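Single-structure report; data block below.
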Amino acid sequence: MKHTILILQPRNSVTIQGEKMSNNNWLTEAKNVAQGIRRQVLAHTIKNNGGYLSQACSSSEIWASLYTRILNISASEAPMIPAPFPGVPSAANKNYFTGQAYNGRKSPDLDRFFLSPVQYALVLYATLVEVGRMSPEGLAQFNTDGSTVEMIGAEHSPGHEITAGSLGQALSQVAGIAFARRKKGENGRNWVFMSDGEFQIGQTWEALEILSFYKLNNVAVIVDVNGQQADGAMKDVLNIEPLDERLKAFGAHVIKVDGNNIEEIVAASEVIPDGKPLVILAYTSPYCGIDLLQSRFPTLHYVRFKSEEERAQYTELLTELEAAL
């Protein structure tokens, strides 16, 4: 049985990039964006017989909150269809670029955004499509030769500014960026999206020591605590709880929220601690919005269908989600 799934158009033609919506509209729009992100990633997973679907399920409300309300960024300055890979950075490569322009211009008073667990790149691309910063045709370039829309995002990928390498490396880089921005008198915040699995890594805790020692309260971290990683359930592989108490011991200001509740996420983001980095622990479900995934728990890191019958089940679900719009 052959499946043909087109890349989805965004839910509507409203452009939200670079704007803070009115209090009357933003919550409804953010919820719609979150659902749109799930649909985009579900369609991609069906089409390609694989994708980081559980990450979209757990984090869609986080991404929708960031890009419709939290991030103080300008409109995208990047092409709607991403340019091809420009080659590795060097003094001789005048055409080199990063994907930062999808988050607007750099300015002392504007925020900057950094993705740490780069296997979430697909979810970031889907978010950029849903908020009008990238075209669906850009998402269609995913993981193709010569494209910057990479499966494991790098600094040239849309929405990325740095290469986070393997897990746990971005926070160290952001500590340096935040320190430099403070020295220059810049007021913008530096937002980092992280996964809970990165707190199984020593470098993360070393970076937190630096953030705390230098009192870098211009850094705000939001963590998708979905309880699962590549090898299974977090609690069974290497338990990190009580994560909030550990983070507090390293000098962070910690707020725990329901990560699938947009209002809680946004309320936590408005806190600017005195002399401490902010860490929002967003506890989420890795099958939120797609209950079919629950039967696979805890093996959810990358979803590849086991049969055409299973694929058909997810295709039927996508049809239902489309019909509900």
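In terms of this note's numbering, the sequence shown opens at residue 1475 and continues consecutively. We put the CB at the ideal spot given by N, CA and C, even for glycine. Model, not experiment: these values are computed from the prediction.
{"Item": "DSSP-derived helix/strand/coil call for Arg-1586", "Value": "strand"}
{"Item": "Nearest-angstrom Cβ-Cβ length linking Gln-1529 and Tyr-1594, presumed shorter than 8 Å", "Value": "5 Å"}
{"Item": "Supposed close pair Gln-1702, His-1775 - CB separation, criterion 8 Å", "Value": "7 Å"}
{"Item": "Rounded Cβ spacing between Asn-1692 and Arg-1663 (contact assumed at less than 8 Å)", "Value": "5 Å"}
{"Item": "Buried or exposed by the 16-neighbour rule on C-beta atoms within 10 Å, applied to Ala-1565", "Value": "exposed"}
{"Item": "Supposed close pair Ile-1547, Leu-1584 - CB separation, criterion 8 Å", "Value": "6 Å"}
{"Item": "Chain-order list of residues whose beta-carbon lies under 8 Å from that of Asp-1718 (same chain, five-residue window excluded)", "Value": "Val-1728, Lys-1730 and Leu-1755"}
{"Item": "Rounded separation between Ala-1575 and Ala-1552 - CA only", "Value": "5 Å"}
{"Item": "Reduced DSSP secondary structure (H/G/I, E/B, other) of Asp-1732", "Value": "strand"}
{"Item": "For Asn-1506, the first and last residue of its enclosing alpha helix (DSSP H)", "Value": "1500-1522"}
{"Item": "Beta-carbon contacts of Ser-1769 that lie in its chain and below 7 Å, excluding the five residues immediately before and after", "Value": "none"}
{"Item": "Below-7 Å beta-carbon distance, Leu-1717 vs any chain C residue", "Value": "Note that chain C does not occur in the displayed structure, where there is just one protein chain."}
{"Item": "Same chain, Cβ closer than 6 Å to Ile-1555, neighbours up to 5 away in sequence not counted", "Value": "Ser-1609, Glu-1611 and Gly-1612"}
{"Item": "Buried versus exposed call for Thr-1502 [16 or more other C-beta atoms within 10 Å across all chains shown]", "Value": "exposed"}
{"Item": "Sequence ranges, beta strand (DSSP E) only - wholly within the region 1568-1639, length at least 3", "Value": "1586-1589"}
{"Item": "Complete beta strand (DSSP E) runs within the region 1677-1753 (minimum length 3 residues, chain order)", "Value": "1693-1699 and 1727-1732"}
{"Item": "Endpoints, the alpha helix (DSSP H) within which Phe-1667 is located", "Value": "No alpha helix (DSSP H) contains Phe-1667, which is instead part of the beta strand (DSSP E) from 1664-1669."}
{"Item": "Residue environment, Arg-1513, which counts as buried when at least 16 other CB atoms sit within 10 Å", "Value": "buried"}
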